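Residue numbers (my numbering): 77 to 319.
Backbone N, C-alpha and C define an ideal beta-carbon position, used for all residues, glycine too.
Every value quoted in this text rests on a predicted model; they were computed, and no experiment measured them.
Encoded as structure tokens, the structure appears first; notes follow it.
Written as structure tokens, this is what we have:
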């Protein structure tokens, strides 16, 4: 699902990836799940979400834990906490003011060495449309960051997701710099320790797995960690996803 203002859903007149409330994207996810259920009512519906999508999916699954939620949830390096690699360049107080009065203010920007490293044209292993996955990065805006912090604060208080949850993340984090010799075997976007700390609080049935040698998107990692992740996800869904 390419949620509004992201990926194939983005339109030239829109600010890429911008939101001021994660419930905007949750509505898109809910619509997709409802459509899938309408087409295949007897089949379990599993939601697989990555990074920011993992944060959105977790809160959506919590909100729909009684009715309409997924039968299983797989979170690939979910953005559950900022961690030390995400240091806002404004204070919380200034951020709140900016989010209210000038939400499109850029508070951080710069290229994504991680995305550049993945690209086949740069010696990586993947071909992708760089207008959809942007090696030049997407500016972090005040309204977006405030919305993320609000959502993460809710996660920090604990959720009650009603279905089985698998949370996967890389074994190590590292700097998103071209001179990082372990760029191809670390999460250089998020702090995996922060993910690991928050994940157990998502619900009563949460499995957390660490994958050595993986990058931020486990499914885009080198062959060994990618295969291990896909095998773990398939096994989890075979054993736990029930309608």
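Next item on the list: Identify which residue in 137, 101, 86, 108 has its Cα closest to the Cα of residue 236.
Entry: Here the question's residue 236 lines up with position 160 in the chain shown. When only C-alpha atoms are compared, the closest one is 137.
Item checked: Pick from 197, 149, 177 that is closest to residue 133, judged by C-alpha positions -> Along the chain shown, one-based indexing puts residue 133 at 57. Ranking the options by Cα distance to residue 133, first place goes to 149.
Next item on the list: Please list the segments of the alpha helix (DSSP H) lying wholly inside the region 116–145, counting only runs of 4 or more residues, in order along the chain.
Entry: 128–139
Note to self: Determine whether the beta carbon atoms of residue 152 and residue 294 lie at a separation below 8 angstroms.
What the structure shows: Residue mapping note: residue 152 aligns to position 76 of the chain shown, counting from 1. Residue mapping note: residue 294 aligns to position 218 of the chain shown, counting from 1. Yes. Within cutoff.
Checklist line | Given residue 184 as reference, the closest of 193, 194, 171, 196 once Cα atoms are compared | finding: Indexing the chain shown from 1 puts residue 184 at position 108. Measuring from the Cα of residue 184, the nearest candidate turns out to be 171.
Notebook entry, point to check: Helix, strand or coil for residue 254 per DSSP?
Noted result: On the chain shown, residue 254 is found 178 positions in, with the first residue counted as 1. Reduced to three states, the DSSP call for residue 254 is coil.
Notebook entry, point to check: Of the residues 85, 157, 258, 248, which one's Cα is nearest the Cα of residue 131?
Noted result: Reading the chain shown from its first residue, position 55 is the one you call residue 131. Ranking the options by Cα distance to residue 131, first place goes to 157.
Next item on the list: Check whether the region 196–212 touches the region 275–282, counting contact only when three or more Cβ pairs, one atom from each stretch, lie closer than 8 angstroms.
Entry: no
Note to self: Relative to the C-alpha of residue 265, which candidate in 228, 111, 187 has its C-alpha closest?
What the structure shows: Taking the first residue of the chain shown as 1, we reach residue 265 at position 189. Taking only the C-alpha atoms, the option nearest residue 265 is 187.
Margin query: Here's the rule I'm using: 16 or more other beta-carbon atoms within 10 Å means buried, otherwise exposed. How should residue 97 be labelled?
Written below: Within the chain shown, the letter at position 21 stands for residue 97. Its Cβ having fewer than 16 others within 10 Å, residue 97 is exposed.
Checklist line | CA-to-CA distance, residue 268 to residue 257, given in whole angstroms | finding: As a first step, residue 257 is located in the chain shown; it is residue number 181 there, counting from the start. As a first step, residue 268 is located in the chain shown; it is residue number 192 there, counting from the start. One C-alpha to the other measures close to 18 angstroms.
Margin query: Considering only their Cβ atoms, is the gap separating residue 120 from residue 317 smaller than 8 angstroms?
Written below: For the purposes of this step, residue 317 is taken as the residue at position 241 of the chain shown. For the purposes of this step, residue 120 is taken as the residue at position 44 of the chain shown. Yes, they are a contact pair.
Notebook entry, point to check: Helix, strand or coil for residue 287 per DSSP?
Noted result: For the purposes of this step, residue 287 is identified with residue 211 of the chain shown, where counting begins at 1. Three-state DSSP puts residue 287 in a strand.
Check: What residue range is occupied by the uninterrupted alpha helix (DSSP H) comprising residue 194?
Finding: By one-based count along the chain shown, residue 194 stands at place 118. 189–194 is the extent of the alpha helix (DSSP H) around residue 194.
Next item on the list: Taking all protein chains shown into account, decide if residue 93 is buried (16 or more other Cβ within 10 angstroms of its Cβ) or exposed.
Entry: On the chain shown, residue 93 is found 17 positions in, with the first residue counted as 1. So residue 93 counts as buried.
Check: Expressed to the nearest angstrom, what Euclidean distance is found between the alpha-carbon atoms of residue 140 and residue 89?
Finding: Counting from 1 along the chain shown, the entry for residue 140 is found at position 64. Counting from 1 along the chain shown, the entry for residue 89 is found at position 13. About 32 angstroms.
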